[in-house]
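For reference, the structure discussed in these notes is given below.
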Amino acid sequence: MFDIFKSMMKEEWRMHSSLFGHSGFALFPGFIFLFTFLVCLVLPVFREIVSDAGIALGMHYFFLLVGGMVGAFGLMGREFMNRRFGQASLIAYSSRTLPVSERVIFLNFLVKDVVYYFFLYILPFIAGFALAVKLVLPSAAGSFKFSLLTLTLFLSFMIGLSVVFFLSTVYAHSGKTVIAGLLLAFPVLVFASGNFNGETLYAHPGLAFYLAPSETRYLLAPAFLILVPSALSLIFLKVDYPQVQKSFSNSFSGLSSRLGSYRYASFVAKDFLDLKRSEGGLGKIIFSFLLPATLVWVLLSALGNVIPALDSLLLFSLVLGVLSSSMYNWLTEFDLFASYAFLPLKVSDVIKSKLDIYALLNVVPFVFLLGLGLRTEPYTLGPSLLVFLSISFYMVTVLVYLTGLYPSVNLYNGKTFALYALSIVPVLILNIVLSILGPYYLLADLALLPVAVYLLGRSFRKWDGVENPQF
Amino acid sequence: MIEVKGLSKSFGNVKAVDGVALSVGKGELFGLLGPNGSGKTTMIKMLTGQIKPGFGSLRVHGVDVLKDPLRVRELVGIIPEQETPPSFLTAEEYLHFVAKIRKLERYEETCEKWFDFFNFGDQKNVLCKDLSRGTRQKLMFAQAFLHEPELAIIDEPLINLDPVMQRKVKDFLRGYVKNDGTVFISTHILEIAREICTSIGIIYKGKLVYTGRMDELGLEGRNLEGFFLELVGQPGEKQANYETGITGMIARE
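Heads up: the protein sequence lines correspond to chains A and B, in order. If you count the first sequence from 1, position 371 lands on 392 in our numbering, and the numbers rise without skipping. If you count the second sequence from 1, position 249 lands on 254 in our numbering, and the numbers rise without skipping.
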């Protein structure tokens, strides 16, 4: 039993290090620590608009999400690895060939995820947070209980993990519709019970115990939410998922023909269909982009009220530029260059096609910013639009230069992430300072454009020259 | 159609291909045979300009691969070892995608011919990610011949196909070569080489240990397997392993 656990730990490590490089991945917890530390240095400003309980709320939900993502990755790991390497086999799927029951393997898998990600994510995060609080908020260090926070964030992570495992078991037995029903039923029930308000969010089981540690009964809820879904997943475990063959009539030819003789028409049509037909469809643009953008605007408006020197729209355009660059991740999510390596194409052709689509997608945040600016601060709209466009363009070129066609994978390499942070953070800080001095100082961002163009040229040469450009 | 001289490629300390020289003429169906990990796929990747050699020169279809790898991939039909068509295109859309990348005109009819050839039926409307490996391999086969190339380079051509499809593909390749096409295949399945190849090369630990025409091989009284094992292994030792080694190990356990 322990041998399987040890092998799974090794497998997880090797899987990550083969994706990101041994030294690169070994540095990753260090960068989580550093990144958390740097972000938390702005806590004094943040505490002006958000209470300590609100900060704890954010952290607990974040780790709930991380647990869910780790669970989903664990369950879809084989598919992910197959996409990246063409073929992969994980110990989790070896019950078909070894005389070990699926339950024993799954239990090991669960414990492995818990131990592995505790050291990879949770501990470095808390260490970075604690150090920053002690440095910049020594007087408030007492109000954040770090050992308790370690426990409750760990519980949040475990809840996310076990709930996703449970949902996957339900999915294996009943399919997608039941999952969608369950996910919808929860908010509907809360709403119907009349408890749907801001306070509901504080009922998060790990958070409730963090905020009132003397109430030990609050530990029952996280224990229940961890043990019951995990136990049910083990009892009703089913490894074989329902296999559905999806069919579509040919939309590609019509789409690409409509784009005429445009050089990358085929790629634009393909990428559109990738976005439309993959999980979440085009709706993921709304949930992963417009929703966070709206939340950021609400927060920045509040911040602008507290610190009048900060211009909300200028800061928002900066954040919007950063958020936009994440669209490049979606666009590269569905491609393996191996799919094109035998065709008359270069890596730079595929990158150029992605950048064209990226430029097209930037119309959405541009219009969003334009509408917002006209309604709120028309006098800073010009500089805001300039900031958005130059930051979005600069950030995507840095991303392309450092990660090529695989940003979501290569950024996990500690060295690459450090270079990325070093290229981005000073520019962002400079922009914040310039925005305080006055909107027209931000014309300095025009200087980013030639840098970006130069970097882009180098990126194409770099990735065309890389042999077998990863995967 | 293929001229290779002094070709070498290392990955770290491992010499994947070591000083290979070979020549494949027009109208030949050349089989590169070798055990797993002998360097066959690395050879194919170098021939098609997907990776650069450490040393040596390559000319494919009259083009210097090092100077113009894209031109080689324009001219040649290539089937890679791994079948990885884009996940969210259907089989039909994928062939149309390849046709557009290759700037073909009036390709719809050719695509349909290939779907008929491989009995795709409704499967042509299924997303590539949901197709079986065998069906994906058929799709990769079709994409390689969509532009009617004069040279096809194929890595393990029949590995996921059922016997009926294997027969069809073998017949197709024979006919293709008869009509002046040239095929370079790599495989470790000797039966395929024996049935369809006009000439073979045997690669072992990165070195080409044999090249010659099948009809000049002088296999009288021997089969290709025996000849292959003589070149890449030591039959006496292997026999001892088969007969005593494995059962001996089990007995010791």
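Every residue gets a Cβ at the ideal spot worked out from N, C-alpha and C, and that includes glycine.
Inset, instruction - Go ahead and pull the three-state DSSP assignment for S233 of chain A. - result: Looking at the sequence itself, residue 233 of chain A is Ala, so the reference to Ser does not match. Coil at A233 of chain A, not helix or strand.
Legend entry - Integer-rounded CB distance, given that Q142 of chain B should sit under 8 Å from V103 of chain B: Not confirmed; about 15 Å, so no contact.
Legend entry - I194 of chain B, enclosing beta strand (DSSP E) - first and last residue: Counting along the chain, I194 of chain B falls outside any beta strand (DSSP E), and DSSP gives it neither H nor E.
Legend entry - Nearest residue (CA-CA) to E8 of chain B, options B:V22, B:V70, B:K50, B:G32: Checked all of B:V22, B:V70, B:K50, B:G32; the closest Cα to E8 of chain B is B:V70.
Inset, instruction - Please decide whether R298 of chain A counts as near chain B, where near means a Cβ-Cβ distance under 9 Å. - result: Interface annotation, R298 of chain A: in contact with chain B, CB-CB separation under 9 Å.
Inset, instruction - Give a yes or no on whether 9 Å exceeds the smallest Cβ distance from N271 of chain A to chain B. - result: yes
Inset, instruction - Note down, in chain order, every chain B residue with its Cβ under 7 Å from the Cβ of S369 of chain A. - result: Near S369 of chain A there are no residues of chain B at all, since even the closest Cβ is about 11 Å away, more than 7 Å.
Legend entry - CB contact check: H66 of chain B to chain A, cutoff 9 Å: no
Inset, instruction - Can you tell me which of the three DSSP states L63 of chain B falls into? - result: strand
Inset, instruction - Assuming L334 of chain A and F414 of chain A form a contact by the criterion Cβ under 8 Å, report the distance between their Cβ atoms to the nearest whole angstrom. - result: About 19 Å separates the two Cβ atoms, so there is no contact after all.
Legend entry - Three-state secondary structure assigned by DSSP to V81 of chain B: coil
Inset, instruction - Indicate whether the contact test is met: 3 or more Cβ pairs, each with one atom in the stretch 29-46 of chain B and one in the stretch 206-215 of chain B, closer than 8 Å. - result: Flag = yes, the stretch 29-46 of chain B and the stretch 206-215 of chain B touch.
Inset, instruction - May I have the straight-line CA-CA distance separating I180 of chain A from T397 of chain A, to the nearest angstrom? - result: 41 Å
Inset, instruction - Tell me where the beta strand (DSSP E) around S374 of chain A begins and ends. - result: Note, S374 of chain A: premise wrong, no beta strand (DSSP E); alpha helix (DSSP H) at 368-382.
Legend entry - Span of the alpha helix (DSSP H) around I445 of chain A: 435-458
Inset, instruction - Measure the beta-carbon distance from F49 of chain A to Y433 of chain A and round it to whole angstroms, keeping in mind my assumption that it falls under 8 Å. - result: 6 Å
Legend entry - Option in A:A362, A:A201, A:G202 with minimal Cα separation from T89 of chain B: A:A362
Legend entry - Meets three-Cβ-pair contact criterion under 8 Å: the stretch 346-357 of chain A and the stretch 373-385 of chain A: yes
Inset, instruction - Give every residue of the same chain whose Cβ lies closer than 7 Å to the Cβ of L258 of chain A, excluding the five residues on either side of it in the sequence, and list them in chain order. - result: E123, R124, F127, T190
Legend entry - Per-residue burial, H194 of chain A [other beta carbons within 10 Å of its own, 16 or more giving buried]: exposed
Legend entry - Buried/exposed call for T437 of chain A, threshold 16 Cβ in 10 Å: buried
Legend entry - Inter-residue spacing [alpha-carbon to alpha-carbon] between Y192 of chain A and F60 of chain B: A direct Cα-Cα distance of roughly 53 Å separates Y192 of chain A from F60 of chain B.
Inset, instruction - Using a threshold of 9 Å, state whether the C-beta atoms of L463 of chain A and L455 of chain A are closer than that. - result: yes
Inset, instruction - Please classify L182 of chain A: is it buried, with 16 or more other beta-carbons within 10 angstroms of its beta-carbon, or exposed? - result: buried
Legend entry - G206 of chain B to L344 of chain A span [Cα, whole Å]: 54 Å
Legend entry - Where F16 of chain B sits in the DSSP three-state scheme: strand
Legend entry - Boundaries of the beta strand (DSSP E) in which L38 of chain B is found, first to last residue: Run containing L38 of chain B: 34-38, per the beta strand (DSSP E) assignment.
Inset, instruction - At 8 Å on the CB atoms, spell out the chain B contacts of A359 of chain A, in chain order. - result: P85, Q87, T89
Inset, instruction - Excluding the 5 residues preceding and the 5 following I190 of chain B in the sequence, name in chain order all residues of the same chain whose CB lies nearer than 6 Å to its CB. - result: G36, I159, P162
Legend entry - Simplified DSSP state of V340 of chain A, which is helix, strand or coil: helix
Legend entry - Under 7 Å (Cβ pairs) to chain B, residues found in the stretch 234-260 of chain A: none
Inset, instruction - Answer with buried or exposed for R104 of chain A, where buried requires no fewer than 16 other C-beta atoms within 10 angstroms of its C-beta. - result: Reliability fails at R104 of chain A, whose pLDDT of 47 lies under 50, so the model's placement of it is uncertain and the value that follows must be treated cautiously. Label assigned to R104 of chain A: buried.
Legend entry - Closest residue to L169 of chain A among A:H81, A:L203, A:L255 (Cα-Cα distance): A:H81
Legend entry - Contact list for E488 of chain A against chain B, beta-carbon separation under 8 Å: I56, K57
Inset, instruction - For D134 of chain A, count neighbouring Cβ atoms within 10 angstroms of its own Cβ and tell me buried if that reaches 16, exposed if not. - result: buried
Legend entry - Contact set between the stretch 24-53 of chain B and chain A, restricted to residues whose Cβ is under 9 Å from the partner: Here the close residues are K50, T53.
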